[in-house]
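Working notes, beginning with the structure itself.
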Amino acid sequence: MSTTLWKPRDNDRHLDEYTQISRDKFNLNPEQALAILEYHEHDFNDACNDLQHYVPFEVEVWTDEDKALFNQAFKSHGKNLSAIKKLFFPRKSFGCVVSYYYLWSSKENKDDFKLKMPVSFIV
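Residues in the sequence shown are numbered consecutively from 1, following full-length UniProt numbering.
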């Protein structure tokens, strides 16, 4: 006995065209394009017309070396993220450095919080 997980329909051709347009013209990744299509209840025309209103979200990868370098840079430059970006991460966008700082600082605060809390309160 087998279960059908996907049954191609006539509009699969439209789906391919839609994802190609979203990628080539608007630089959206497939997940973003499909989320917009889902929002428009699978209406390809409405979704295509709405693609221009979305800004692609790109996540830059931070390697272990980048993370270690950020830790060192923060120790020497503090919250001066402009200097950290300019001196240590010239190829990353300033927004990327700021985003990583907030992710990093919230992680650091959680670790500090866990150290201060009694063991029974740590989840």
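From the three backbone atoms N, C-alpha and C, an ideal C-beta is built for every residue, glycine too.
Close Cβ partners of residue i (< 7 Å) along its chain, the five nearest in sequence each way excluded
{"i": "F89", "result": "V97"}
{"i": "A47", "result": "Y18, I36, L37, H40"}
{"i": "W62", "result": "Y100"}
Inter-residue Cα distance where the pair is residue i and residue j
{"i": "S106", "j": "L87", "result": "23 Å"}
{"i": "D64", "j": "E38", "result": "36 Å"}
{"i": "Q20", "j": "P56", "result": "14 Å"}
{"i": "N109", "j": "L103", "result": "Per-residue confidence for N109 stands at a pLDDT of 49, beneath the threshold of 50, marking its modelled position as unreliable; no derived number is given."}
{"i": "D24", "j": "E60", "result": "20 Å"}
8 Å CB neighbourhood of residue i in its chain, flanking five on each side removed
{"i": "D112", "result": "For D112, the predicted model reports a pLDDT of 44, less than 50, meaning its position is unreliable; a value from the coordinates is still stated below. Counting only Cβ-Cβ distances below 8 Å, and skipping sequence neighbours, we find nothing."}
{"i": "Q32", "result": "S22, Y54, P56, F57"}
Residue-chain proximity (residue i, chain C), Cβ-Cβ < 7 Å
{"i": "F94", "result": "Looking at the structure shown, chain C is missing, and only one protein chain is on hand."}
Where residue i falls, given that 16 or more other Cβ within 10 Å makes a residue buried
{"i": "A83", "result": "exposed"}
{"i": "K75", "result": "exposed"}
{"i": "S22", "result": "buried"}
{"i": "F70", "result": "buried"}
{"i": "K85", "result": "buried"}
Cβ shell of residue i (< 6 Å), same chain only, five flanking positions each side left out
{"i": "F44", "result": "H14, Y18"}
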